[in-house]
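These notes are about the structure you will find just below.
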Amino acid sequence: MAATIDREQYDEHEYERMRAKLEQCLMALDVLLQRPDFGVGPQTLGAEVEYFLVDEDGHPLGRNQEIHGAVTDERLTKEVIRYNVESNLTPVPLAGRPFDAMCREMDEIAAMVDRTAAEHGGRTVSIGTLPTLRSEHLGLAAVTDEARYRALDNRLRKMRTQPHQVDIAGEDHLLAQANDVSLEGANTSFQLHVRVDPSRFVDLYNAAQIATAPVLAVAGNSPFFLGHRLWEETRIALFQQSVDFRDDHRARTLPPRVAFGERWLERSAMEVFAEAVRTHEPILPILSDEDPRAAVHVGKIPGLDELRMHVGSIWTWNRAIYDPNAGGHLRVELRALPAGPTTIDMAANAAFLLGLTLAVCEEAAAWTILLSFDQARDNFYRAAQHGLEAQLLTPFGGGDGLTRSTARDLGLELLAPSRRALLAHDVETDDIDGLFALLEERISTGRTGAHWQRATAAALEPRYGWERALATMTRRYIDAMTSGEPVHTWPLPAS
14 MAATIDREQY DEHEYERMRA KLEQCLMALD VLLQRPDFGV GPQTLGAEVE
64 YFLVDEDGHP LGRNQEIHGA VTDERLTKEV IRYNVESNLT PVPLAGRPFD
114 AMCREMDEIA AMVDRTAAEH GGRTVSIGTL PTLRSEHLGL AAVTDEARYR
164 ALDNRLRKMR TQPHQVDIAG EDHLLAQAND VSLEGANTSF QLHVRVDPSR
214 FVDLYNAAQI ATAPVLAVAG NSPFFLGHRL WEETRIALFQ QSVDFRDDHR
264 ARTLPPRVAF GERWLERSAM EVFAEAVRTH EPILPILSDE DPRAAVHVGK
314 IPGLDELRMH VGSIWTWNRA IYDPNAGGHL RVELRALPAG PTTIDMAANA
364 AFLLGLTLAV CEEAAAWTIL LSFDQARDNF YRAAQHGLEA QLLTPFGGGD
414 GLTRSTARDL GLELLAPSRR ALLAHDVETD DIDGLFALLE ERISTGRTGA
464 HWQRATAAAL EPRYGWERAL ATMTRRYIDA MTSGEPVHTW PLPAS
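14 is the number of the first residue of the sequence shown in this note's numbering; add one for each residue after it.
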């Protein structure tokens with residue numbers, strides 16, 4: 014939600030105007046998508062990386078505004094809570110060496126932020142959920158002091174009619190009340206943006222829905238929250254529940270704002286944009302002066318600011334993006350991957366997810382018949398909860414039906430087709446061979462970021478007790494992350 018927001022309260026008349034403008038945006042987009050040349054162009058890859066800010070002991074450091082103000086780089090933005098910042102990487106062509114470019118820019122931005130954070134006694138950490146985060150670090154005092162976040166919080170509060178509870182069961186069972194948006198920022202992600210021609214949007218979007226589960230299982234890096242041992246990717250459950258405004262009645266009739274989705278796409282990108290408008294109330298009625306229908310009528314590329322704002326407040330794990338820049342185009346935003354552990358780990362995760370999505374895209378029409386949407390959604394949550402040990406039901410076996418296998422076995426099986434798909438899209442061999450070798454080692458050893466965190470904390474607990482073990486593990490994580498070595502090579506302490 015990049016628009017300028019300088020107010021915290023809006024009246025019902027503004028929401029009525031927003032709803033009307035959203036319908037106008039849909040009409041304009043429908044016309045735009047019928048232009049044969051709209052959005053056609055070379056595929057590009059972009060990304061967003063979110064970081065926690067921590068002090069020298071690995072505890073949350075709420076100084077994002079000071080650090081952001083001192084860095085003065087347009088690629089860096091503040092996030093919803095004071096402990097987070099986000100970097101927006103420069104889009105690069107998919108052909109060539111996109112992952113090398115991604116690594117170099119991530120390293121450059123992280124070093125720049127670390128230099129400034131050091132002046133405030135802190136540094137950045139790439140990790141899905143911060144093990145040292147505690148309930149006293151959350152609440153309204155943790156929300157970044159900006160009108161946009163206070164407006165978001167105000168609207169979500171008004172939409173709720175009963176206390177909001179987070180309920181996540183893993184090895185431990187977390188029950189916590191959420192009365193503000195601070196929980197939304199209690200996790201950090203690594204999000205990919207893939208430009209796609211409108212004619213291929215349906216297949217690529219559906220392919221991403223199928224591909225996300227096995228890659229998420231391989232990328233797990235979020236096993237702890239508020240001192241509890243939860244899912245391999247606790248972020249998934251936490252984020253979904255943190256902005257769920259629905260009361261018991263609406264939970265039975267309305268989809269959540271954070272979700273995997275409801276069904277396969279069938280005809281065009283219009284389906285997902287229309288569903289966003291028709292099934293979700295606007296949160297922030299930020300209105301432009303543009304008449305989108307008039308703009309399209311005279312051959313212009315409309316901004317569709319209201320639609321982009323609205324879609325930005327619906328956090329599906331794979332999201333459709335309309336962008337008026339670069340002649341206007343569509344993207345699929347792949348939002349499920351965690352931040353960290355290291356730059357090279359994130360690049361490997363990106364290569365696997367993008368490669369597998371491109372591989373599945375060629376078979377998407379057939380595979381969405383074999384695999385029901387509900388089965389794909391179940392795979393996603395199983396992968397988030399159980400990681401490499403998740404049992405996934407997939408069409409990857411090569412026969413006429415579905416097979417069930419562990420995410421570990423499936424991950425190893427899918428590396429080769431993912432690599433071939435990237436090569437077929439003109440990614441250079443030496444840009445990906447090292448990444449896929451890394452993935453094979455990580456999967457074979459089972460040493461994901463989540464596994465390393467669990468094993469290290471468990472080994473330290475008898476000596477330090479649980480709270481100190483988590484803090485000590487977090488400091489060791491930061492040291493290992495700083496080395497730049499991939500997580501499967503990090504040493505584990507003796508029991």
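Ideal Cβ placement from N, Cα and C applies to all residues, glycine included. These numbers come from a predicted model, not from an experiment.
Query: Secondary structure of D387, DSSP reduced to three states; Result: helix
Query: Where A15 falls, given that 16 or more other Cβ within 10 Å makes a residue buried; Result: Since pLDDT at A15 reaches only 48, below the 50 mark, its modelled position is unreliable, and the value read off the structure follows with that caveat. Exposed, since its Cβ has fewer than 16 Cβ neighbours within 10 Å.
Query: Closest by C-alpha distance to S385, when choosing among I223, K34, I122 and R161; Result: I223
Query: Three-state secondary structure assigned by DSSP to F214; Result: helix
Query: Cβ separation of Q404 and E245, assumed to be a contact under 8 Å, to the nearest whole Å; Result: Going by Cβ atoms, the distance from Q404 to E245 rounds to 14 Å, so no, they are not a contact pair.
Query: Per-residue DSSP class, three states only, for M14; Result: The predicted model places M14 with a pLDDT of 44, which falls under 50 and marks its position as unreliable; any figure quoted below should be read in that light. Looking at M14 - three-state DSSP - the assignment turns out to be coil, as it is neither helix nor strand.
Query: Segments assigned beta strand (DSSP E), at least 3 residues, entirely inside the segment 372-446; Result: 404-407 and 416-419
Query: Beta-carbon spacing of A482, A471 below 9 Å; Result: yes
Query: C-beta contact flag for F237 and T247 at 9 Å; Result: yes
Query: I58 to G478 span [Cα, whole Å]; Result: First, the amino acid is wrong: residue 58 is Leu here, not Ile. When rounded, the distance between both Cα atoms is 44 Å.
Query: Residues of its chain near C38, where Cβ-Cβ distance is below 6 Å and the 5 sequence neighbours each way are ignored; Result: P305, L317, E319 and L320
Query: Residue from E27, D387, A360 and V311 with nearest C-alpha to E118; Result: A360
Query: Collapsed DSSP secondary structure at R270 in the structure displayed; Result: coil
Query: Three-way DSSP call (helix, strand, coil) for K313 in this model; Result: coil
Query: Minimum C-alpha distance to L3 - residue among N200, L297, L267 and W277; Result: The requested residue 3 is not part of the displayed model; the chain covers only 14 to 508.
Query: Rounded C-alpha distance that separates D446 from A364; Result: 10 Å
Query: Cβ-based neighbour list, A33, same chain, cut-off 7 Å, excluding 5 preceding and 5 following; Result: none
Query: CB contact flag (H323, V290, <9 Å); Result: yes
Query: Beta strand (DSSP E) segments (min. 3 residues) lying fully within the segment 321-366; Result: 331-336 and 342-347
Query: Contact under 9 Å by Cβ, A232 with P351; Result: yes
Query: Neighbourhood of R147 by C-beta, 8 Å cutoff - its chain only, sequence neighbours within 5 removed; Result: L239 and G240
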